[in-house]
Every structure is written in structure tokens, then in C-alpha cells.
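Accompanying notes for the structure given below.
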Amino acid sequence: MTLLIKALNLNRLKTYAMLIKMAWKNIIHKPLNSILCVCLLLFGVSIISVLILIQHQLEQKFERDLENIDLVVGAKGSPLQLVLSAVYHIDAPTGNINFAEAKNLMNNPMVEEAIPMAYGDSYHGYRILGITEDYLNKYSAQFREGHIFQKSMQAVLGAKVARTSKLKIGDTFYGSHGQVEGVHVHDEHAYQVVGILENTNSVVDNLVLTNIESVWEVHNDNHGHEPEAEEAQHSKNHEEHEHHDDSENEREHEHKTNHEHENNHKHEGNHEHQTKQEHENESKLKKSKTIHNPDSLDITAVLLKYKTRNSAMGMPRYINQQTNMQAVIPALEVNRLFYMLGVGTTTLKWIAGGIIFMAGFSVFLVLYSRLRERQYELALMRSVGYRPKDLLGLLLYEGLLLAGIGYIFGWLLSRIGLYFISRQAENDFNLHFGGQWINEEISLLFLTIFIGVVASLLPAWKAMRMDVSATLSKQ
Amino acid sequence: MLHITDLSHQYSNSPKIVFPDISAEKNSTLLIKGASGCGKTTLLHLLAGLISPLNGEIILNENKINELSASQKDRFRGEHIGIVFQQSYFIKSLSVLDNLLLSPYAGSSSKAIQIAKRLNIQEFLSQKPNQLSLGQQQRVSIARAVMNTPQLILADEPTSALDDKNCKDVLNLLKQEAQVNEATLVIVTHDQRLDDSVNQSIELKPIKDVCYAD
Numbered sequence: 000m001t002l003l004i005k006a007l008n009l010n011r012l013k014t015y016a017m018l019i020k021m022a023w024k025n026i027i028h029k030p031l032n033s034i035l036c037v038c039l040l041l042f043g044v045s046i047i048s049v050l051i052l053i054q055h056q057l058e059q060k061f062e063r064d065l066e067n068i069d070l071v072v073g074a075k076g077s078p079l080q081l082v083l084s085a086v087y088h089i090d091a092p093t094g095n096i097n098f099a100e101a102k103n104l105m106n107n108p109m110v111e112e113a114i115p116m117a118y119g120d121s122y123h124g125y126r127i128l129g130i131t132e133d134y135l136n137k138y139s140a141q142f143r144e145g146h147i148f149q150k151s152m153q154a155v156l157g158a159k160v161a162r163t164s165k166l167k168i169g170d171t172f173y174g175s176h177g178q179v180e181g182v183h184v185h186d187e188h189a190y191q192v193v194g195i196l197e198n199t200n201s202v203v204d205n206l207v208l209t210n211i212e213s214v215w216e217v218h219n220d221n222h223g224h225e226p227e228a229e230e231a232q233h234s235k236n237h238e239e240h241e242h243h244d245d246s247e248n249e250r251e252h253e254h255k256t257n258h259e260h261e262n263n264h265k266h267e268g269n270h271e272h273q274t275k276q277e278h279e280n281e282s283k284l285k286k287s288k289t290i291h292n293p294d295s296l297d298i299t300a301v302l303l304k305y306k307t308r309n310s311a312m313g314m315p316r317y318i319n320q321q322t323n324m325q326a327v328i329p330a331l332e333v334n335r336l337f338y339m340l341g342v343g344t345t346t347l348k349w350i351a352g353g354i355i356f357m358a359g360f361s362v363f364l365v366l367y368s369r370l371r372e373r374q375y376e377l378a379l380m381r382s383v384g385y386r387p388k389d390l391l392g393l394l395l396y397e398g399l400l401l402a403g404i405g406y407i408f409g410w411l412l413s414r415i416g417l418y419f420i421s422r423q424a425e426n427d428f429n430l431h432f433g434g435q436w437i438n439e440e441i442s443l444l445f446l447t448i449f450i451g452v453v454a455s456l457l458p459a460w461k462a463m464r465m466d467v468s469a470t471l472s473k474q
Numbered sequence: 000m001l002h003i004t005d006l007s008h009q010y011s012n013s014p015k016i017v018f019p020d021i022s023a024e025k026n027s028t029l030l031i032k033g034a035s036g037c038g039k040t041t042l043l044h045l046l047a048g049l050i051s052p053l054n055g056e057i058i059l060n061e062n063k064i065n066e067l068s069a070s071q072k073d074r075f076r077g078e079h080i081g082i083v084f085q086q087s088y089f090i091k092s093l094s095v096l097d098n099l100l101l102s103p104y105a106g107s108s109s110k111a112i113q114i115a116k117r118l119n120i121q122e123f124l125s126q127k128p129n130q131l132s133l134g135q136q137q138r139v140s141i142a143r144a145v146m147n148t149p150q151l152i153l154a155d156e157p158t159s160a161l162d163d164k165n166c167k168d169v170l171n172l173l174k175q176e177a178q179v180n181e182a183t184l185v186i187v188t189h190d191q192r193l194d195d196s197v198n199q200s201i202e203l204k205p206i207k208d209v210c211y212a213d
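Chains as they are written, first to last, in numbering that gives the first Met the number 0: chain Z, 0 to 474; chain P, 0 to 213.
Shown next as C-alpha cells:
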């Protein structure tokens with residue numbers, strides 16, 4: 000008895016194997032029709048796949064980088080630009096803020112942690128950022144080699160910077176002015192690499208970190224407009240450190256204008272020549288490497304973390320209304336950004352969904368129109384012992400195979416597309432997109448399979464219900 | 000052993016067809032002749048279980064084919080009946096060997112090769128069916144019909160498209176395979192060339208709404 004059941008199962012197994020083989024052979028027997036179906040499917044699938052992947056990874060990355068930053072304070076301007084520049088380092092900063100003014104804020108009792116940052120030059124397109132050690136802790140960056148910067152002109156490289164620049168501990172390099180490569184090299188101030196970080200999968204990987212003083216030093220020397228006579232005074236102030244002087248307000252303003260001017264370079268590359276000349280003139284004027292009173296100097300932005308969220312509800316408003324600075328809650332801006340991106344990607348997804356629907360329709364047409372020419376084959380199958388449901392199965396398998404092949408090739412195309420998008424994005428924004436499998440793609444697989452089944456259901460039903468005797472009697 | 004008693008069939012909106020009682024031994028050949036339209040193919044389809052009779056019995060080796068359910072008929076047909084059609088129907092996308100192995104009840108591929116040798120088509124096994132000549136195609140059809148070691152071989156106009164040489168070959172091969180498989184061979188035809196050398200011959204004739212035997 001058990002032997003009989005085994006034999007039965009074996010027979011069914013043989014049947015399924017033969018049906019799948021036939022489905023496959025039928026698909027490659029009429030390649031043009033099949034290629035059309037598969038092409039439509041793969042385009043739809045790959046577009047949706049790429050969109051899903053980019054959106055998912057962008058959100059993930061943006062959320063990861065946002066870690067523990069409750070408030071970003073910087074110069075007035077576009078709030079989104081401030082967040083993009085100060086948190087993600089993919090946009091030019093809005094301007095500079097006065098360090099003394101920022102310090103008042105940083106010492107506010109409601110603030111748990113405040114990280115000031117000053118934008119320096121760039122090295123091979125990677126930003127040199129004047130920062131404090133807290134920044135490394137925020138992103139739990141570990142040292143692969145070396146240690147944190149301990150004095151000016153020492154630099155720590157993010158993992159990716161180290162990887163692409165091939166700089167090692169002890170190497171020196173020069174920053175070039177602005178974000179664009181090879182514009183103006185600050186060749187009097189060499190940074191020395193003292194540390195290289197492990198990969199953090201955050202924005203830190205794409206940064207060259209140094210202390211804020213280094214940034215001041217490089218820029219003060221090259222861009223200061225103070226007459227030489229004032230320099231002695233400045234160095235004296237530097238030694239006295241926290242010393243305050245009303246008369247310095249004027250110079251602060253000067254600095255602000257200078258730094259804003261720098262930032263403009265990034266937008267207007269044409270100024271290159273003019274700037275270079277200016278710099279040369281300045282260099283002739285100044286040869287000292289002193290830093291004046293830090294309070295008179297500018298930083299770019301401050302990243303704040305509150306002690307408790309509720310206690311600091313009024314803080315952004317206070318900053319925005321009472322000071323020269325702008326406070327932005329980055330989470331809000333990022334949500335706004337994704338909302339705007341979402342509108343675009345949703346439209347594209349609908350278009351791609353339409354393509355997939357068309358693909359389903361073409362699968363239906365191909366299977367349905369071939370029913371007539373295949374009626375003798377189907378009748379033959381019945382006459383050698385296949386059951387009606389086997390014919391239903393055969394056509395369903397064909398629809399499924401077409402959908403499956405479309406999905407697989409669509410998946411491959413999406414990875415190829417993503418590779419090129421990622422390469423471009425790495426150049427432009429230091430954004431990298433990986434090709435890992437994510438959950439939404441499983442839904443996409445089910446959608447594709449569903450389309451394949453629905454498209455082949457009607458032809459399969461007709462095949463199942465065919466009148467074998469009548470078909471075979473037709474001469 | 001094949002027994003047909005009181006068999007009749009009626010298509011909707013058509014006159015009833017009544018068939019003569021027939022008995023045929025195994026290893027014997029039964030020729031059913033008649034002009035077209037008097038129910039030759041209908042009789043064949045009734046024997047194959049592709050349609051159900053209005054009345055009567057079809058018994059093949061103690062199995063009452065007319066009493067089987069639709070799925071039992073499919074299975075019985077797959078296991079015990081081999082059919083050769085007038086036109087050579089094949090799955091075009093499959094090779095000759097895969098066409099031989101098409102049925103879920105077909106034997107192994109070593110059996111297919113053995114049968115192919117008997118029918119002298121072993122050299123075509125890897126080709127597609129439409130690359131063969133009509134005579135070769137009909138031999139492949141015969142080979143496929145006996146892949147399940149049938150008790151009954153049904154042939155519907157197996158020679159009408161063939162020349163004299165191939166006609167004789169095909170008839171001989173059908174008889175040969177019926178012998179090897181100890182099967183009853185039923186050939187439905189209007190081909191006059193098949194008259195000789197069969198054990199039994201029945202002619203169906205239309206009279207008004209009834210076909211009957213001579």
C-alpha cells in the first residue's frame with residue numbers, strides 16, 4: 000500500500016517536473032514574445048527597486064547621522080541648507096557665527112552637549128572640519144590607528160578619506176580652498192595625519208577632522224585683512240585667552256564679512272582668479288601664524304543636545320528672535336526633505352507600477368493569443384493522461400516563469416543602475432548606496448508574482464476547460 | 000480483450016449515433032471503416048474515454064471505461080491506452096525524446112531508446128519533431144503511443160497522409176507494437192490500402208440518423 004502511494008507521488012513529481020520543463024521550453028521556443036514580456040517587467044521592477052533602495056538608504060543614513068542632535072545653530076539663512084551643511088556636509092554653509100555669541104549658548108544650563116564646528120578647506124573633495132573630540136564620541140568613532148588631534152594642524156581622517164587618499168599616519172597634506180578640488184592650495188599650512196578612524200557608516204567617514212584652531216590658523220593667516228600694526232595686539236590677546244574687549248567688535252564684523260566671502264566661493268567658482276590674486280596680496284601683507292582672541296573669531300555652526308527635550312522647548316525661538324543666529328531642529332527639516340522627495344518618488348513609483356501592469360497585460364496577451372495555436376498540443380497532453388488541472392498549472396507556470404525572470408533581471412538591472420548612481424552620488428555628495436536586499440523588495444517580488452499569476456489565470460482557465468474531443472476532431 | 004455493447008452517443012443538437020457491438024481479442028487488429036461523418040472518430044474518442052457515451056458499455060480487460068469518472072478516465076487513458084492521431088501532434092518546443100517521455104505514465108528514457116530502436120527513429124531523438132518527414136513523424140507518434148505499455152492502441156487515420164511505402168510501414172509497425180505490448184489494436188480509417196492483413200474489419204454506414212454494421 001505504502002509502495003503504491005510512493006509510486007503515485009513519484010508519478011505526480013514526474014508530472015510537475017515535465018510541466019515545468021515544458022513551460023520553460025515553451026517560453027524559449029517563442030523568444031520574441033517572451034523577451035517583450037520580460038523587458039517590460041524588468042524595467043518596471045528595476046525602477047521601483049532603485050527608488051526603494053535609494054529612499055530606504057537615504058532615510059537610514061540621514062537618521063543615523065542625525066544621532067543625538069537636537070538643535071543646529073548657525074548663521075541665518077535657509078534652515079534646510081544649515082542642516083544639510085552642518086549635519087550632513089553635503090551643502091555649503093549658510094555663513095558664520097561669532098564664537099563668543101555661540102559660547103553663551105553652549106554654556107546654557109539646558110544644554111547637555113554642544114559641539115562647535117568650523118568649516119575649513121577641503122582635501123580632494125573631502126571637507127576639513129574644525130571640531131572637538133565630542134564629535135567623534137557622538138558617532139562612536141573608533142581609531143583604527145593613531146590618536147585624536149592634540150594640537151593645531153594635526154588631522155584625523157575618516158575611514159573613507161583614508162581609503163581613497165591613501166594617506167598614512169605621519170603624512171602631511173595641504174587643504175585646498177573651498178570644496179572644489181584644486182582651486183587654491185593653502186600651501187603654507189600642512190596638516191599632519193595623526194589618526195585614522197574605523198568605518199562608522201556615518202558622515203564622519205567622509206571628513207577630515209582637525210581642531211577648530213587649525214581652521215582659524217589657516218584662514219586667519221590667509222584671509223585676515225587687519226593691518227600689520229594690529230598684530231602684536233592680537234597675539235597678546237591670544238596669550239591672555241578669554242580676555243574681552245569692546246573695541247574688538249569692529250574686527251569681528253570684518254571677519255564675518257571675510258568668511259561669508261569665502262563661502263560664496265563655493266557657489267561662484269568664477270571668482271577663483273580674483274580670489275587668488277587677493278590671497279597673494281594678503282600673503283605679502285601677512286606672514287604671521289598667530290591667532291587672535293578666539294572670541295573674536297567665527298565658527299560655522301554648533302550642534303546641540305538638550306539635557307531634557309521638554310526643558311528646551313523655547314530655545315530655538317529665543318535664538319531665532321534674540322540673536323544673530325539661526326536655530327533649526329534637524330529632525331523637522333529632514334522630515335520635510337523626505338516629504339518633498341516622497342512626492343517625487345511616489346510619482347515615479349506609479350509610473351513604474353504602470354509599466355509592470357503593462358508587462359502583466361503583455362504576458363496575458365502572449366499566453367492568450369498562443370492558446371489557439373497550442374490547442375492541439377494541449378489536447379495531445381490530455382490524450383496522454385494529463386488532467387485539466389495540469390494544463391492550468393502549465394500556463395500558470397509559464398506566467399510565473401516570465402514574471403520570475405522579469406524580476407530577476409529587473410533586480411540585476413537595479414543593482415547595475417544603483418552602482419552608477421552611487422558612483423555619481425559619491426562624487427557629488429559623498430553618498431554611497433549599497434545593493435543589499437531590503438524588505439520592500441520582497442513585497443515587490445510578491446507583486447510581480449501576483450501579476451504573473453493574474454495575467455495567466457484566464458488563459459490557464461481556458462486551457463483547463465478545453466473540449467479535447469472537439470479539438471482533436473477538427474480537421 | 001475489448002468488448003463494446005449497445006454503445007450510442009449523441010452530440011447536442013445532432014442525431015444519435017448507435018454503434019454495433021464489437022469484440023476484439025488482444026494481439027488482434029480491428030479495422031473500423033466508413034465514410035466521414037458516421038462516427039468513426041466519435042467511437043475512437045469513446046474508447047479513449049475522451050467523451051462519455053449516451054448508453055452502453057465499453058469493457059477493456061475487465062475495466063468498464065464508461066463507468067469511470069472524468070479524472071479516472073484521464074488516468075486510465077494515461078496508463079493503459081495509446082493513441083496515434085491522423086496528424087502528428089507534438090509539443091513543438093520539445094525534442095523527440097522529450098515528446099516520447101511526455102506522458103506522466105510514460106516509461107523511462109531507456110525504454111524510450113529501446114522503442115525508438117524498434118521503430119528505427121533513434122537517430123532523431125535529439126531533434127525537434129517538425130524537422131522530421133511525415134513518415135518519420137508518424138513513427139514517433141507510434142513510439143509515443145506505446146511508451147506506457149498500453150492494453151489498447153487506438154489509431155485515428157494513421158496512414159491517410161502517407162505514401163504507399165510509408166503506409167505499409169506504419170501499418171506493420173502498429174501491428175508489431177500491438178504484438179510486443181500484447182495490446183488490442185483498433186484502427187479507424189477510410190484508407191482502402193489497409194484492407195488486407197487485419198483480423199477483423201467493421202464498416203460504419205450512416206442510414207438516416209443511425210450508423211450500423213454490415
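Glycine residues also receive a C-beta, built at the ideal position from the N, C-alpha and C atoms.
Computed from a predicted structure; not experimentally measured.
Sequence-distant residues of its chain with Cβ nearer than 6 Å to residue i (five each side left out)
i: threonine 199 (chain Z); result: Tyr138 and Ala140
i: leucine 99 (chain P); result: Ala111, Ala142, Arg143 and Met146
i: threonine 148 (chain P); result: Asn180
i: leucine 395 (chain Z); result: Ser455 and Ala459
i: isoleucine 130 (chain Z); result: Met116 and Leu208
Other residues of its chain near residue i: CB distance less than 8 Å, five sequence neighbours each side excluded
i: leucine 39 (chain Z); result: Ile354, Ile355, Met357, Ala358, Ser361 and Gly405
i: valine 179 (chain P); result: Arg117 and Val145
i: leucine 135 (chain Z); result: Ile147, Val155, Leu196, Val203 and Leu208
i: glutamine 374 (chain Z); result: Met465 and Thr470
Residue i: contacting residues in chain Z (beta-carbon distance under 8 Å)
i: alanine 47 (chain P); result: Ser382
i: lysine 116 (chain P); result: Those do not exist, as lysine 116 (chain P) stays about 21 Å from chain Z at its closest Cβ, beyond 8 Å.
Distance between beta carbons of residue j and residue i, contact taken as under 8 Å
i: lysine 91 (chain P); j: histidine 28 (chain Z); result: 7 Å
i: alanine 300 (chain Z); j: glycine 73 (chain Z); result: 4 Å
Alpha-carbon spacing of residue i relative to residue j, whole angstroms
i: leucine 206 (chain Z); j: isoleucine 437 (chain Z); result: 28 Å
i: histidine 270 (chain Z); j: alanine 91 (chain Z); result: The predicted position of histidine 270 (chain Z) is uncertain, since its pLDDT is 46 and thus under 50; a value taken from the coordinates is nonetheless stated next. In a straight line, the C-alpha of histidine 270 (chain Z) is about 16 Å away from that of alanine 91 (chain Z).
i: isoleucine 53 (chain Z); j: valine 95 (chain P); result: 50 Å
i: leucine 411 (chain Z); j: valine 342 (chain Z); result: 26 Å
i: phenylalanine 363 (chain Z); j: glycine 434 (chain Z); result: 32 Å
i: alanine 69 (chain P); j: serine 125 (chain P); result: 34 Å
i: asparagine 198 (chain P); j: alanine 47 (chain P); result: 21 Å
i: leucine 35 (chain Z); j: glycine 416 (chain Z); result: 20 Å
i: alanine 34 (chain P); j: alanine 16 (chain Z); result: 42 Å
i: leucine 29 (chain P); j: proline 19 (chain P); result: 13 Å
i: leucine 399 (chain Z); j: leucine 391 (chain Z); result: 12 Å
i: leucine 43 (chain P); j: isoleucine 50 (chain P); result: 9 Å
i: lysine 72 (chain P); j: valine 139 (chain P); result: 24 Å
i: serine 442 (chain Z); j: leucine 340 (chain Z); result: 21 Å
i: methionine 109 (chain Z); j: glutamine 321 (chain Z); result: 17 Å
Proximity to residue i [Cα-Cα], best of the options
i: cysteine 166 (chain P); options: P:Val179, P:Ile186, P:Phe89 and P:Gln150; result: P:Ile186
i: phenylalanine 75 (chain P); options: Z:Ala402, Z:Ser382 and Z:Leu395; result: Z:Ser382
i: lysine 15 (chain P); options: P:Ser70, P:Gln113 and P:Gly38; result: P:Gly38
i: glutamate 144 (chain Z); options: Z:Lys167, Z:Phe419, Z:Leu65 and Z:Thr131; result: Z:Lys167
i: glutamate 523 (chain Z); options: Z:Leu302, Z:Leu443 and Z:Gly94; result: Because chain Z spans 0 through 474 in this model, residue 523 (chain Z) falls outside it and cannot be assessed.
i: serine 368 (chain Z); options: Z:Leu347, Z:Glu100, Z:Asn32 and Z:Ser421; result: Z:Asn32
i: glutamate 323 (chain Z); options: Z:Pro30, Z:Ile89 and Z:Asn103; result: First, the amino acid is wrong: residue 323 (chain Z) is asparagine here, not glutamate. Answer by Cα proximity: Z:Asn103.
i: serine 22 (chain P); options: P:His8, P:Lys32, P:Leu6 and P:His2; result: P:His2
Where residue i meets chain P, residues with beta-carbon distance less than 7 Å
i: serine 468 (chain Z); result: His44, Leu49 and Ile50
Neighbour list for residue i in chain P, Cβ cutoff strictly below 9 Å
i: lysine 475 (chain Z); result: This structure leaves residue 475 (chain Z) out entirely; chain Z is present only between 0 and 474.
i: tyrosine 385 (chain Z); result: Asp73, Gly77, Leu101, Ser102 and Pro103
i: serine 472 (chain Z); result: Thr40, Thr41 and His44
Residues that residue i contacts on chain P, provided the C-beta gap is smaller than 8 Å
i: tyrosine 396 (chain Z); result: Those within 8 Å of tyrosine 396 (chain Z) in chain P number zero; the least Cβ separation is about 13 Å.
i: tyrosine 491 (chain Z); result: Outside the displayed range of chain Z (0 to 474) lies residue 491 (chain Z), so it cannot be described from this structure.
i: asparagine 10 (chain Z); result: Pro103 and Tyr104
Close-in-space but distant-in-sequence residues of the same chain around residue i (CB under 7 Å, 5 per side omitted)
i: lysine 283 (chain Z); result: Here the model assigns lysine 283 (chain Z) a pLDDT of 41, short of 50, so the residue's position is not dependable, and the following value carries that caveat. The answer is none, since no qualifying residue turns up.
i: serine 171 (chain Z); result: In the sequence as presented, serine is not what sits at residue 171 (chain Z); that position holds threonine. Closer than 7 Å at the Cβ level, and outside the excluded window around threonine 171 (chain Z), lie Ala189, Tyr190 and Gln191.
i: serine 108 (chain P); result: Leu96 and Leu100
i: leucine 151 (chain Z); result: Sequence inspection shows serine at residue 151 (chain Z); the leucine mentioned does not correspond to that position. If we look at serine 151 (chain Z) and ignore the five residues flanking it on each side, its Cβ neighbours are Asn210, Glu212, Ser213 and Glu216.
i: phenylalanine 337 (chain Z); result: Glu58
Listed by chain order, chain Z residues near residue i by CB distance under 7 Å
i: isoleucine 82 (chain P); result: Ser382
i: leucine 93 (chain P); result: Met21 and Lys24
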